[in-house]
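Note sheet for the following structure.
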DNA sequence: TCTTGCCTATCTACTAGTAGGTAAGTATAT
DNA sequence: ATATACTTACCTACTAGTAGATAGGCAAGA
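Residue numbers (the working numbering), protein chains in the order written: chain A, 24 to 209; chain B, 24 to 209.
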């Protein structure tokens, strides 16, 4: 892994663990054994680094999307959930949640970079739900996009709230969501 | 309103708007026309101020709970939602969401103060759901506490996500949640 | 009714530390 | 010899927090 990639990885970890405003170039420099000025060589500003983190996360989302393209709707949804499972196991929140709470304290370029990513994720989940409903494996009454918003906010929210209420609540919520989606109504 | 109360109010606003780590005593001092040292007189440390903000929010939660005690379950749930509606109208996120994303960068005293508040809210919503189900006005299959977690994370999450996807998504989600709860299944 | 003295709330002035960022120089590898 | 990746050394701005002074209000005692 190149230095640049290592910086992105560590910055990403810190953003998801402590928030964008709570990590510094010094934190990174200590962990990497290089000077803060060297990080500035790769990323002129903290905003640039933030943007790189968003892009990297976006790419890994798109890769997951591509990798599960030919699978069934349930597998796709489980793949989507797997991202949050991994985050939870490390005590992290998700990038969207972390950046959105700090959004109005950040450079507008961050918001600009984040927006298409969020819209992409929302579209992906919406499509998964539509497909699942069409094939009769998912059952829900709200509009697919609305239902996608509900699922996303549940996962995003429980990553945060379960830091307080306890880790087991994460699985409680995830399981309930899957069960509810699979249950036929009326 | 006393100076102390004004500080709490403004600090609260800033935390919900920009996050705990993005506001400073200087921000408050500028808005109030007093010096930072004067704020330190009322709140020795930033953590002390954070704790005061949590206590104030907790009290207003408890007051709302008390004020709606004799009402029906639907009214209670709408009262619960009204908190988020007010926050959304001001572009804010909720205190729990804001503090949880930054939690691991904050003084442990913050977590200690926040925990019973979150548990209180969760208990309140759980009780509302139980009552609604018993009286036949709410319909859901998950355990009441789990369903409460789902509702809370939906509201907490949509406050954050709709900063990016657009304000209207907040109402979309809120309306869908109420409709789904009121709809009888099977 | 003075006066003494404490309490509250603020100020000025300061500290030590950290933040993000820059400029100029160095070693290395192609 | 040029680009890459880094260093040293620095700057400016801001952070939370402290010390000591001040001015007004209140209350008890001579």
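For every residue, glycine included, the Cβ atom is placed at its ideal position computed from N, Cα and C.
Just so you know, these numbers come straight off a predicted model, no measurement behind them.
Best match in the options for proximity to residue i [C-alpha to C-alpha]
{"i": "residue 138(B)", "options": "152(B), 120(B), 155(B)", "result": "120(B)"}
{"i": "residue 42(A)", "options": "92(A), 71(A), 87(A), 116(A)", "result": "116(A)"}
{"i": "residue 189(A)", "options": "112(A), 101(A), 81(A)", "result": "112(A)"}
{"i": "residue 69(A)", "options": "128(A), 196(A), 169(A), 149(A)", "result": "128(A)"}
{"i": "residue 8(A)", "options": "193(B), 158(B), 72(B), 90(B)", "result": "As displayed, chain A neither begins before 24 nor continues past 209, which places residue 8(A) out of reach and without an answer."}
{"i": "residue 206(B)", "options": "107(B), 156(B), 123(B), 44(B)", "result": "156(B)"}
{"i": "residue 158(A)", "options": "31(A), 96(A), 63(A)", "result": "96(A)"}
{"i": "residue 32(A)", "options": "149(A), 58(A), 99(A), 78(A)", "result": "78(A)"}
{"i": "residue 28(A)", "options": "109(A), 51(A), 110(A)", "result": "51(A)"}
{"i": "residue 186(B)", "options": "123(A), 107(A), 60(A)", "result": "123(A)"}
{"i": "residue 165(A)", "options": "198(B), 133(B), 108(B), 100(B)", "result": "198(B)"}
{"i": "residue 44(B)", "options": "150(B), 72(B), 85(B)", "result": "72(B)"}
Sub-8 Å separation of residue i and residue j beta-carbons
{"i": "residue 48(B)", "j": "residue 37(B)", "result": "no"}
{"i": "residue 180(A)", "j": "residue 179(B)", "result": "yes"}
{"i": "residue 184(B)", "j": "residue 184(A)", "result": "no"}
{"i": "residue 162(B)", "j": "residue 202(B)", "result": "no"}
{"i": "residue 152(A)", "j": "residue 131(A)", "result": "no"}
{"i": "residue 126(B)", "j": "residue 196(A)", "result": "no"}
{"i": "residue 62(B)", "j": "residue 30(B)", "result": "yes"}
{"i": "residue 110(A)", "j": "residue 182(A)", "result": "yes"}
{"i": "residue 175(A)", "j": "residue 145(A)", "result": "yes"}
{"i": "residue 160(A)", "j": "residue 103(A)", "result": "no"}
Which of helix, strand or coil DSSP assigns to residue i
{"i": "residue 94(A)", "result": "coil"}
{"i": "residue 35(A)", "result": "helix"}
{"i": "residue 213(B)", "result": "Outside the shown range of chain B, which is 24 to 209, sits residue 213(B), and nothing can be said about it."}
{"i": "residue 185(B)", "result": "helix"}
{"i": "residue 46(A)", "result": "coil"}
{"i": "residue 77(B)", "result": "helix"}
{"i": "residue 180(A)", "result": "helix"}
{"i": "residue 41(A)", "result": "helix"}
{"i": "residue 57(A)", "result": "coil"}
{"i": "residue 190(A)", "result": "coil"}
{"i": "residue 206(B)", "result": "coil"}
{"i": "residue 25(A)", "result": "coil"}
9 Å Cβ cut-off: residues of chain B touching residue i
{"i": "residue 177(A)", "result": "172, 173, 176, 177, 180"}
{"i": "residue 44(A)", "result": "41, 42, 43, 44, 45, 125, 128"}
{"i": "residue 137(A)", "result": "187"}
{"i": "residue 88(A)", "result": "Near residue 88(A) there are no residues of chain B at all, since even the closest Cβ is about 18 Å away, more than 9 Å."}
Within chain A, partners of residue i - CB distance below 7 Å
{"i": "residue 217(B)", "result": "Any property of residue 217(B) remains undetermined from this structure, which presents chain B solely from 24 to 209."}
{"i": "residue 152(B)", "result": "By Cβ distance, chain A contributes nothing, its closest Cβ being about 13 Å from residue 152(B), past 7 Å."}
{"i": "residue 113(B)", "result": "Those do not exist, as residue 113(B) stays about 11 Å from chain A at its closest Cβ, beyond 7 Å."}
{"i": "residue 192(B)", "result": "172"}
{"i": "residue 80(B)", "result": "In chain order: nothing, as chain A lies at least about 14 Å away."}
Closer than 7 Å at the beta carbon, the chain B residues around residue i
{"i": "residue 149(A)", "result": "Ordered by position in chain B, no residue passes the 7 Å Cβ test against residue 149(A), which lies about 12 Å from the chain."}
{"i": "residue 40(A)", "result": "127"}
Chain-ordered neighbours of residue i on chain A, where CB pairs are closer than 9 Å
{"i": "residue 199(B)", "result": "164, 165, 166, 169, 170, 172, 173"}
{"i": "residue 76(B)", "result": "Within 9 Å Cβ-Cβ: nothing; residue 76(B) doesn't reach chain A, min ~15 Å."}
Interface residues of chain A facing residue i [CB-CB closer than 8 Å]
{"i": "residue 145(B)", "result": "188"}
{"i": "residue 116(B)", "result": "123, 124"}
{"i": "residue 160(B)", "result": "Within chain A, no residue comes near residue 160(B); the closest Cβ sits about 18 Å away, beyond 8 Å."}
heavy atom of the ligand NAD below 7 Å from residue i C-beta
{"i": "residue 200(B)", "result": "Among the ligands in the structure shown, none appear at all, so the ligand NAD cannot be discussed."}
Cross-chain neighbours of residue i in chain B, by beta carbon under 8 Å
{"i": "residue 53(A)", "result": "Simply none; closest approach about 16 Å."}
{"i": "residue 101(A)", "result": "Correct list: empty, because the minimum Cβ distance to chain B is about 18 Å."}
{"i": "residue 155(A)", "result": "Chain B residues near residue 155(A): none, gap ~17 Å exceeds 8 Å."}
{"i": "residue 92(A)", "result": "Near residue 92(A) there are no residues of chain B at all, since even the closest Cβ is about 24 Å away, more than 8 Å."}
**Continuous alpha helix (DSSP H) assignments of at least 4 residues falling wholly in the segment 113–175 of chain A** = 118–125, 131–157
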